[in-house]
Amino acid sequence: MISPQSDLELEERGTTAGTSYLAEGFTIWSWLSTRDHKRIALLYGVSITLFFFLGGIAAALIRLELATPQGDLVTADTYNKLFTAHGVIMVWLFLIPSIPSVLGNFLMPLMIGARDLAFPRLNLASWYLYLLGGAIVLWALLVGGVDTGWTFYTPFSTMFSNSHVVLCLVGVLVVGFSSILTGLNFIVTVHTMRAPGMGWFRLPLFVWANYATSLILVLATPVLAMTLLLVGIERLFQVGIFDPALGGDPLLFQHLFWFYSHPAVYIMVLPAMGVASEIIPCFARRPVFGYRFMTYAILAIAVIGFLVWGHHMFVSGQSVYAGMVFSLLSFMVAVPSAIKVFNWTATLYKGRITFDAPMLYALGFVGLFTIGGLTGLFLAALALDVHLSDTYFVVAHFHYIMVGGSVMAYLGGIHFWWPKITGRMYSEAWGRLAAVIIFAGFNLTFFPQYLLGYAGMPRRYHSYPEEFQMLHVLSSAGAVTLAVGYLLPLGYLAWSLRYGRPAPRNPWQATGLEWQAASPPPIHNFAQPPVVVRGPYAYKP
6 MISPQSDLEL
16 EERGTTAGTS
26 YLAEGFTIWS
36 WLSTRDHKRI
46 ALLYGVSITL
56 FFFLGGIAAA
66 LIRLELATPQ
76 GDLVTADTYN
86 KLFTAHGVIM
96 VWLFLIPSIP
106 SVLGNFLMPL
116 MIGARDLAFP
126 RLNLASWYLY
136 LLGGAIVLWA
146 LLVGGVDTGW
156 TFYTPFSTMF
166 SNSHVVLCLV
176 GVLVVGFSSI
186 LTGLNFIVTV
196 HTMRAPGMGW
206 FRLPLFVWAN
216 YATSLILVLA
226 TPVLAMTLLL
236 VGIERLFQVG
246 IFDPALGGDP
256 LLFQHLFWFY
266 SHPAVYIMVL
276 PAMGVASEII
286 PCFARRPVFG
296 YRFMTYAILA
306 IAVIGFLVWG
316 HHMFVSGQSV
326 YAGMVFSLLS
336 FMVAVPSAIK
346 VFNWTATLYK
356 GRITFDAPML
366 YALGFVGLFT
376 IGGLTGLFLA
386 ALALDVHLSD
396 TYFVVAHFHY
406 IMVGGSVMAY
416 LGGIHFWWPK
426 ITGRMYSEAW
436 GRLAAVIIFA
446 GFNLTFFPQY
456 LLGYAGMPRR
466 YHSYPEEFQM
476 LHVLSSAGAV
486 TLAVGYLLPL
496 GYLAWSLRYG
506 RPAPRNPWQA
516 TGLEWQAASP
526 PPIHNFAQPP
536 VVVRGPYAYK
546 P
């Protein structure tokens with residue numbers, strides 16, 4: 006990825022020179038006031054991990070409640086607040102910011118040969134906004150809870166809910182502004198701070214994915230902010246924006262909300278695709294197949310994602326013609342996603358594949374994302390969607406894409422770049438075991454929910470007919486397995502911080518520019534700017 010002269014120079018003088026970013030300061034204030042993108046990434050990582058496990062606790066209580074048909078653990082109102090807490094925390098505080106804010110913050114400057122992001126102070130401000138928004142959301146959930154679901158559908162959220170809806174909306178709004186700042190920072194960084202020789206088609210696919218994600222964040226998140234603001238105004242002042250009794254239109258909320266929230270699906274998935282595109286070539290020892298088509302597919306997903314919001318409204322009473330158009334567009338968005346799956350598979354063909362922990366997570370991502378994508382085609386078909394809408398089929402599909410996809414890729418990225426981030430190696434045996442447990446536990450949790458939805462089990466129900474109990478018990482057993490799988494990396498990665506063996510500069514023999522820096526990198530990444538002379542996937546079969 007860099008010229009031989011620069012490679013030697015970086016090896017001898019650049020990457021090994023300078024103080025590690027971890028040794029920049031050891032006081033709490035040195036972390037809270039840092040402008041180093043790598044330290045800010047770790048601040049995000051700690052915060053996001055906390056929210057992930059809080060959302061997981063709510064999910065565990067939901068599955069315990071659904072183990073019996075009549076729901077013996079909590080009341081119906083509390084159940085509504087539990088699934089709302091789970092959705093709000095996981096979507097707004099974990100899934101959307103996780104890969105861009107943690108891995109993107111840490112790696113993008115390293116991958117393009119930059120010293121930092123374009124706006125270091127703005128980067129730190131975005132973390133404080135994220136923390137503030139998360140604290141407001143948690144406060145709303147703790148002082149009485151919210152029972153609207155993570156989508157805040159009107160008119161329930163504006164007229165009937167007795168919970169702290171406005172407070173929760175404010176928290177999500179603040180987190181949204183944090184996302185806008187992060188996206189703006191990434192866009193400017195990629196445009197202005199690439200190393201000499203780093204053309205657009207020499208960018209790693211992880212950078213392309215985060216660049217496309219940033220465009221979505223900057224263009225779509227203001228629509229969400231406006232929508233949440235209108236919901237708050239409607240609830241506080243009853244001005245008749247969404248209330249039909251006052252001349253409003255409740256479907257207007259759905260149009261505005263899903264205009265943001267369907268592209269938000271790709272905010273969660275595109276960075277995951279970028280992670281997989283870095284891991285799979287490395288452990289297959291082959292250049293990524295069809296690099297340019299992969300970049301075009303990333304951009305196509307980002308563009309078409311803005312055009313398919315209406316498929317969430319097939320049963321809302323919209324016109325038949327609108328339904329046909331949105332159905333066609335929903336099938337179209339599957340094409341670039343399928344291109345990526347095909348290219349990952351072709352990259353593996355005749356490769357010298359090694360099944361290290363990052364590769365197991367990446368392959369798990371591809372498998373689960375493929376299942377989720379194929380079942381998404383069922384929901385894109387108008388006739389089938391009438392039967393499957395608002396059932397557990399939708400819940401399973403959503404989790405296969407978001408959790409099976411994004412979380413598997415996030416964990417794969419954490420394992421892949423852990424030696425670079427911390428300078429320590431983790432236990433490979435434990436890493437492989439955790440990947441297998443998570444994959445098995447995930448399928449045991451959510452595949453039965455496809456069957457539940459096909460059989461007609463509605464989502465968000467506190468109790469259910471007895472004939473559905475066996476599948477719910479299987480799903481709850483899978484949730485226990487999945488919880489064990491998620492706790493394992495927390496344990497052995499924390500253990501490695503103290504007892505793991507020191508990591509070499511490039512333990513995976515990867516060819517990306519970030520691996521030319523020391524492990525962990527110095528404060529400003531490179532002593533001298535690298536000169537890029539080839540693409541990022543120079544693997545030899």
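Mapping to the working numbering: the sequence shown position 215 is 220, numbers consecutive.
By construction, the Cβ of each residue, glycine as well, lies at the ideal position given by its N, Cα and C atoms.
May I have the straight-line CA-CA distance separating phenylalanine 370 from proline 507, to the nearest angstrom? 28 Å
May I have the straight-line CA-CA distance separating proline 9 from methionine 407, to the nearest angstrom? Confidence at proline 9 is low in this model, with a pLDDT of 36, below 50, so the placement of that residue should be treated as unreliable; the coordinate-derived value is given next. Near 41 Å, if we compare the C-alpha coordinates of methionine 407 and proline 9.
With a threshold of 7 Å on Cβ separation, who are the neighbours of isoleucine 426 within its own chain once the five nearest residues in sequence on each side are excluded? Phe111, Pro525
Give a yes or no on whether the C-beta atoms belonging to alanine 388 and lysine 345 are separated by under 7 Å. no
Need the endpoints of the alpha helix (DSSP H) that tryptophan 314 sits in, please. Tryptophan 314 -> no alpha helix (DSSP H), and no H or E assigned at all.
Would DSSP call valine 537 helix, strand or coil? strand
Hey, aspartate 248 and proline 160 are a contact pair by Cβ (cut 8 Å); roughly how many whole angstroms apart? 6 Å
At the level of alpha carbons, what is the spacing between threonine 396 and leucine 518? 46 Å
In chain order, each alpha helix (DSSP H) run of at least 4 residues that lies wholly inside the segment 23 to 104: 33 to 37, 42 to 70, 81 to 93
Alpha-carbon to alpha-carbon, serine 106 and serine 11: With a pLDDT of 39 at serine 11, under the threshold of 50, the predicted position of this residue should be treated as unreliable, though the coordinate-derived value follows. Approximately 30 Å between the Cα atoms of the pair.
Selected residue, minimal CA-CA separation from lysine 355, among Glu29, Phe294, Leu304: Phe294
Reduced DSSP secondary structure (H/G/I, E/B, other) of threonine 516: coil
Among Leu234, Thr218, Arg357, Thr232, which residue has its Cα nearest to the Cα of threonine 300? Thr218
Using DSSP with H/G/I as helix, E/B as strand and the rest coil, what is arginine 207? helix
Using alpha carbons as the reference points, say which of Thr156, Leu37, Phe58, Phe57 lies closest to leucine 48. Leu37
Might you give, ordered along the chain, the residues of its own chain that have their beta carbon closer than 6 Å to the beta carbon of proline 549, omitting 5 neighbours on each side? Only positions 6 to 546 of the chain appear in this structure, which leaves residue 549 out of reach.
From the DSSP output, in three-state form, read off arginine 290 for me. coil
Of the residues Leu495, Gly252, Phe58, Val399, the one placed nearest tyrosine 431, counting alpha carbons only: Leu495
How is the alpha helix (DSSP H) around lysine 545 delimited, first residue to last? Note, lysine 545: premise wrong, no alpha helix (DSSP H); not H, not E.
Taking C-beta to C-beta, are glycine 417 and tyrosine 366 nearer than 7 Å? yes
In angstroms, rounded to a whole number, what distance separates the CA positions of valine 130 and leucine 122? It should be noted that the sequence gives alanine, not valine, for residue 130. When rounded, the distance between both Cα atoms is 13 Å.
Taking only the alpha-carbon atoms, compute the straight-line gap between threonine 39 and threonine 380 and give it to the nearest angstrom. 44 Å
Counting only runs of 3+ residues fully inside the segment 127 to 163, write out the beta strand (DSSP E) ranges in chain order. none
Straight-line gap, glycine 237 to glycine 60 (C-alpha atoms, nearest Å): 24 Å
Is it buried or exposed, histidine 392, if we count other Cβ atoms within 10 angstroms and call 16 or more buried? exposed
So does the segment 160 to 172 actually touch the segment 192 to 199, counting three or more Cβ pairs closer than 8 Å? no
Between isoleucine 272 and isoleucine 101, is the Cβ-Cβ spacing less than 7 Å? yes
Glycine 378 to alanine 488 span [Cα, whole Å]: 24 Å
What does a CB cutoff of less than 8 Å around glycine 310 pick up in its chain, not counting 5 residues either side in sequence? Ile221, His267, Pro268, Val270, Tyr271, Val338
Which partner residues does arginine 429 have in the DSSP bridge list? Pro507
Since lysine 345 is in the alpha helix (DSSP H), which residue starts that stretch and which ends it? 325 to 353
In chain order, what are the residue ranges of uninterrupted alpha helix (DSSP H) at least 4 long that sit wholly in the segment 158 to 238? 170 to 197
Tell me the DSSP bridge mates of threonine 396? Pro463
Can you tell me whether alanine 140 is buried or exposed, with buried defined as 16 or more other CB within 10 angstroms of its CB? exposed
Going by the beta-carbon positions, is the gap between phenylalanine 447 and leucine 457 smaller than 7 Å? no
Could you tell me if the beta carbon of glycine 202 falls within a distance shorter than 6 Å of some heavy atom in the ligand FAD? Of the ligands one can find in the structure shown there are none, so the ligand FAD has no counterpart to examine.
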